[in-house]
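Quick notes on the structure that follows.
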Amino acid sequence: MLIKPVAEDFRVIAHSMGRIFVVVGLAGLVPLAWATVGREWHPFSSFLLMIGIFLLLGVIGLRQPTSDRLDWSHGMVVVALTWLLVPLIGAIPFVLSGHWGGEIDALFDAVSGLTTTGLALVQDLDHLAPSLNFWRHLLHFLGGQGIIIAALLVFAGGGALTLYLGEARDERILPSVTSTARFIWSVSMVHLVLGVTTLGLVAWQVLGFTLPRAIFHGLMIFFAGFDTGGFAPQSTSVGYYHSAIFEATAGVLMVAGAMSFGLHYALWTGRRRAVLDNLETRTILSTFGLTMAMTLIGLAVTGLYTHAVGLSRQGFFQVLSAHTGTGFATVPASELATWGGLAFGGLALAMALGGMASSTAGGVKALRIGITVRSIVNQIREVLLPEGAVVGTGFIQAGRRRLTPQLAQAAMTISLLYVALFLVGAGVGMAYGVPLDQAMFESVSAGANVGLSVGVTDPAMPLMLKLVYMAEMWLGRLEFVAVFAFLGFLYAWVKGK
């Protein structure tokens with residue numbers, strides 16, 4: 026029998042949501058200050074309205090009397106609601122700016138920003154107010170590092186582990202969730218300083234930007250690169266810079282963002298051997314090599330790029346962007362759509378596979394791929410080897426672990442859910458007349474939170490397709506569990522006794 030949620034359940038959820046709203050409201054003060062300095066008074070007023078709503082809801086939530094102790098179901102509901110309500114309110118500056126076709130288009134970009142996807146419906150991006158551009162990219166930073174993680178640092182309270190796991194992070198690096206959250210934000214701050222400094226210097230000294238403009242572009246590309254988001258301050262993405270050095274610097278940030286924070290911790294503490302022996306490291310290097318080979322061979326066959334340097338540079342950057350789940354591009358969507366064949370398939374496969382678990386990247390994740398492949402290989406060995414032979418089930422992932430049937434089943438289940446998600450999105454695209462290959466590519470990009478596009482994502486695309494892609498971003502970012510728990514909570518509310 027389903028147990029109907031009671032008033033106390035809603036108070037606990039509202040109290041935790043209040044914390045989230047306060048954190049996002051405080052984060053909104055940064056673009057507000059940016060608009061003030063730049064005398065962008067129209068965006069200033071829209072940010073003020075947005076911040077006011079966040080803080081008002083936050084105060085209302087925090088005033089709810091509660092034991093302040095989250096159980097598993099409460100935590101999952103809070104996480105799922107966070108990725109629904111924060112974009113809904115965070116889209117207010119977009120709606121009022123006039124650069125989006127309507128409320129749905131603005132919400133689409135807010136969802137894409139917070140889920141670190143990078144698909145965009147903004148119009149005339151090249152003339153967007155800098156403070157609004159900053160807010161777009163700050164959503165990447167909040168979504169990539171985790172609003173929940175930030176809330177855990179600002180507020181103490183029970184249920185921290187549930188919130189952490191609900192945000193699709195399953196690796197607790199340090200003994201407590203709070204210390205783990207502190208480490209994640211420490212890593213982010215160090216990379217922010219190094220990344221913005223390097224990108225800014227390249228833009229200033231190599232590309233000839235003025236110093237303020239160089240810092241602005243460096244900061245935007247850092248937010249989108251390290252958080253594997255894919256938004257860019259210009260409509261032509263990274264291709265705008267026409268610089269191999271700038272692309273290489275962004276590539277380093279993309280790799281750093283796609284690495285698990287556990288791997289960052291191993292590097293910081295000097296345990297480099299643990300990094301090399303890690304199952305996920307070996308898996309992602311193998312899949313990157315495979316998808317890179319497929320893409321380069323496919324491009325060579327098409328003859329689209331006549332010079333080996335151009336072919337290698339374009340192929341390498343696009344595959345790296347796809348596999349890390351970033352979504353930066355050095356070629357326009359119309360050109361990407363002409364790749365076709367093996368190159369097209371290699372890029373789509375790279376997006377679907379994604380980066381590492383407990384990172385800012387999306388996709389199925391290298392750890393699940395590695396576990397699934399290892400499990401299949403073990404089953405084949407059991408069939409082929411003599412009766413009674415022992416098949417090793419150990420692997421290294423943050424220490425030596427045992428590959429249990431339950432672990433293998435969980436990895437395969439989530440992997441199959443991603444495949445189903447991609448197919449549903451592709452099916453809806455085909456229903457609206459999008460060719461199969463392009464429909465699948467765009468669906469994978471949305472569901473794996475990548476952001477590369479072949480031109481399907483457009484302000485003129487059907488409303489249903491926009492809604493489906495938003496749902497894919499939401500499900501893909503939270504890796505299904507929190508969303509399923511949220512839907513179960515709603516069902517129990519309606520049907521429970």
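If you use my numbering, the sequence shown closes out at 522, no skipped numbers anywhere.
By construction, the Cβ of each residue, glycine as well, lies at the ideal position given by its N, Cα and C atoms.
Contacts around residue i, its chain only, beta-carbon distance under 7 Å, and the 5 residues preceding and following it disregarded
i, result
"L490", "V453, G454, Y457"
"P524", "This structure gives no information on residue 524, because the portion of the chain shown stretches from 26 to 522."
"L532", "Outside the modelled stretch of the chain, which goes from 26 to 522, sits residue 532, for which no answer is possible."
"H40", "G86, L87, Q89, T91, D93"
"H289", "V212"
"W160", "P56, P118"
"F165", "Checking the displayed sequence, the identity of residue 165 turns out to be His instead of Phe. Contacts found: G138, T141, F248, A249, D252, G254, F256."
"S359", "G480"
"I439", "R393, E504, F505"
Residues bridged to residue i [DSSP beta-bridge criterion]
i, result
"R426", "F420"
Beta-carbon proximity list for residue i, same chain, < 8 Å, skipping 5 on both sides
i, result
"V231", "S268, I270, F271"
"L106", "I38, M42, F511"
"Q463", "A362, G454, V479, G480, V481"
"L81", "none"
"A517", "L27, I28, K29, P30"
"A58", "none"
"V408", "none"
"Q259", "L150, D151, Y265"
Assigned exposure category for residue i - 16 Cβ within 10 Å defines buried
i, result
"Q431", "exposed"
"H99", "buried"
"D34", "buried"
"G243", "buried"
"I76", "buried"
"E467", "buried"
"G521", "exposed"
"M214", "exposed"
"G233", "exposed"
"T312", "buried"
"I401", "exposed"
"G225", "buried"
"P155", "buried"
"G380", "buried"
"W293", "exposed"
"R399", "buried"
"V334", "exposed"
Distance between beta carbons of residue j and residue i, contact taken as under 8 Å
i, j, result
"G352", "V475", "5 Å"
"H332", "A249", "Not confirmed; about 29 Å, so no contact."
"A60", "F69", "4 Å"
"D130", "P460", "With 8 Å as the limit, D130 and P460 do not qualify as a contact, their Cβ atoms being about 23 Å apart."
"T306", "G169", "The pair is not a contact, with the Cβ atoms about 21 Å apart (cut-off 8 Å)."
"A354", "G264", "6 Å"
"P30", "F342", "Contact doesn't hold; Cβ gap of about 49 Å is too wide."
"G350", "G388", "6 Å"
"W72", "G50", "Strictly speaking, residue 72 in this sequence is Phe, with Trp absent from that position. 10 Å between Cβ atoms; not a contact."
"I114", "I85", "Actually they do not touch by this definition, with Cβ atoms about 13 Å apart."
"A228", "A239", "4 Å"
"M284", "S384", "6 Å"
"H124", "L153", "6 Å"
"F420", "L304", "5 Å"
"A386", "G282", "7 Å"
"W364", "L324", "7 Å"
Same chain, Cβ closer than 6 Å to residue i, neighbours up to 5 away in sequence not counted
i, result
"S122", "L157"
"T142", "N474, G476, M498"
"L374", "T316"
"L321", "G340"
"E128", "V120"
"F447", "S468, V469, G472"
"T308", "A391, I394, G395"
"A116", "A131, L132, A135"
"M437", "T397"
"V344", "T316, M317, T320, A375"
"T261", "none"
"V493", "G450, V453"
Residue i beta carbon near the ligand PLP (any heavy atom closer than 8 Å)
i, result
"L217", "As for the ligand PLP, it is missing from this structure, which has no ligand bound."
* Per the contact definition of three or more C-beta pairs closer than 8 Å, is the stretch 253-269 in contact with the stretch 363-376? -> no
Would you be able to state if there are at least three C-beta pairs under 8 Å between the stretch 272-292 and the stretch 337-349? yes
### Query
For the 8 Å Cβ check, are there 3 or more pairs between the stretch 434-454 and the stretch 378-394?
yes
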